[in-house]
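One structure is given below, encoded as structure tokens.
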Amino acid sequence: MLGPLVSGHQGYVLIQTDNYNIETSVTGLVIILILTFIVLFIIEWVIRRLFRTWARTRSWFNSRKNHRSRKHTRAALMKLAEGDYRQVEKLLARNTDHGDQPVVNYLLVTEAAQNLGDDLRTNYI
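Going by my numbering, the letters in the sequence shown line up with residues -12 to 112, in that order.
Okay, structure coming up:
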């Protein structure tokens, strides 16, 4: 309904600065603005997607480290019950900081070092 009324009256837009003159029709300006907003929305979507992917990847790596630490802690507890103290130290030394309770892992390593007679490692772990 509005299209036929304004079809003969395109309008005129002049943007003038010190050295530049930009001349276009109102329709051209509207199309340029719409395309600019679409491009900006696409750029924003891509940037959000990249940050979301980075956060998911980081979360995946952290959960993997936690899982591995729990697995090593369980294996170390079994080795501690068997009396294989060298294997306890080896298993717990790798991922101690990533466990649910790192203090418990440090205490187990200390106990294993003490049972091996290594007073230096017992005092400084």
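The C-beta atom is built at its ideal place from N, Cα and C for all residues, glycine as well.
Predicted model only: the values in this text are computed from it and were never measured.
Reference residue i; option with closest CA among the options
{"i": "residue 70", "options": "96, 55, 46, 91", "result": "96"}
{"i": "residue 100", "options": "79, 26, 89", "result": "79"}
{"i": "residue 103", "options": "74, 4, 18, -3", "result": "74"}
{"i": "residue 87", "options": "67, 35, 51, 43", "result": "51"}
{"i": "residue 64", "options": "7, 49, 21, 91", "result": "91"}
Supposed close pair residue i, residue j - CB separation, criterion 8 Å
{"i": "residue 54", "j": "residue 81", "result": "In fact, because the Cβ distance is near 13 Å, the residues do not count as touching under 8 Å."}
{"i": "residue 85", "j": "residue 56", "result": "4 Å"}
{"i": "residue -3", "j": "residue 14", "result": "6 Å"}
Sequence-distant residues of its chain with Cβ nearer than 7 Å to residue i (five each side left out)
{"i": "residue -1", "result": "12"}
{"i": "residue 76", "result": "96, 99, 100"}
Sequence-distant residues of the same chain with beta carbon closer than 6 Å to residue i, five excluded per side
{"i": "residue 10", "result": "1"}
Whether residue i touches residue j by CB criterion (8 Å)
{"i": "residue 83", "j": "residue 93", "result": "yes"}
Own chain, CB closer than 8 Å to residue i, minus 5 neighbours either side, in chain order
{"i": "residue 67", "result": "75, 95, 98, 99"}
{"i": "residue 19", "result": "11"}
Open item on the list: Runs of 3 residues minimum, wholly inside the segment 11 to 98: which ones carry the beta strand (DSSP E) assignment?
Closed with: none
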